[in-house]
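Take a look at the structure set out below.
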Amino acid sequence: MPQKLFTAVVWGLVVMLQLLVRHRVTPSTFNGTHNKVELDPTTTPATVWRRPPIEYERDLVIELIEGAEYPIEKHILTTSDGYILKLHRIPDPMQYPSGEAAESGGLLRFGPAKTFRGTVLLMPGLFSTAADFVVTGPENGLAFVLADAGYDVWLANVRGSRFARKNVKMSVTDSEFWDFR
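Numbered by mature numbering (1 follows the signal peptide of the UniProt record, and there is no 0), the letters in the sequence shown go through residues -27 to -1, 1 to 154 in order.
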């Protein structure tokens, strides 16, 4: 019995090898996502495995905040040196009554109205984005907790971060783009 199994495995490998050779399928004809890459004589191994750049057009911060049913505003700021930055604002959610609460005459959406405590700007650190302040949800996200406490919360993205890679004069491929003096 083991001899028959061995023979079947060997024949299976031979058939697969013939198919691969016949169709010229080699590991270098596919990139990491299994999309076929057209090879030409100048293609090197370094370029075969390179994936196309990812465009981050969707706004994760807005999706997360709207998903938690909080009010959200998006503001675009262009700096004097041409960087285009996104700022997000969660106005005090206590000032937005839900339909039932407004009709019952008193309590607002998240409970009784609280006094306005001021404005807060949350700036992400190195390798972070504004999404870090809301990704853990309304119970634990710092931006949500501050908004519930009566603060007017602003979320910023620093230049060069995942969601702030635009400039009116330069491209991210320009070395000057990354010189933040």
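Yeah, the Cβ is synthetic: ideal placement off N, Cα and C, and Gly gets one too.
- In the same chain as R62, and ignoring 5 residues on each side of it, the C-beta atoms closer than 6 Å to its own belong to E46 and W127, in chain order.
- As DSSP reads the structure, N140 sits in a beta bridge with Y56.
- For the 9 Å CB-CB criterion, K142 and G55 form a contact.
- Take I57, set aside five residues on each side of it, and the residues of its chain with a beta-carbon closer than 8 Å to its own are I49, L50, T51, A137, K139, N140 and V141, in chain order.
- Taking all protein chains shown into account, F117 has 16 or more neighbouring C-beta atoms within 10 Å of its C-beta and is therefore buried.
- The criterion of a C-beta distance shorter than 9 Å is not satisfied by L119 and L99.
- The three-state secondary structure of G91, taken from DSSP, is strand.
- With a threshold of 16 other beta carbon atoms within 10 Å, A103 meets it and is buried.
- Under the DSSP assignment, E46 falls in the beta strand (DSSP E) whose first and last residues are E46 to T51.
- Listed in chain order, the non-local C-beta contacts of L115 below 7 Å within the same chain comprise L95 and F106, local neighbours out to five positions each way being set aside.
- For the set F(-22), V34 and K(-24), the Cα lying nearest the Cα of T109 is the one of V34.
- Beta-bridge partners assigned by DSSP to A129: L60.
- S101 and S134 have their C-alpha atoms some 7 Å from each other.
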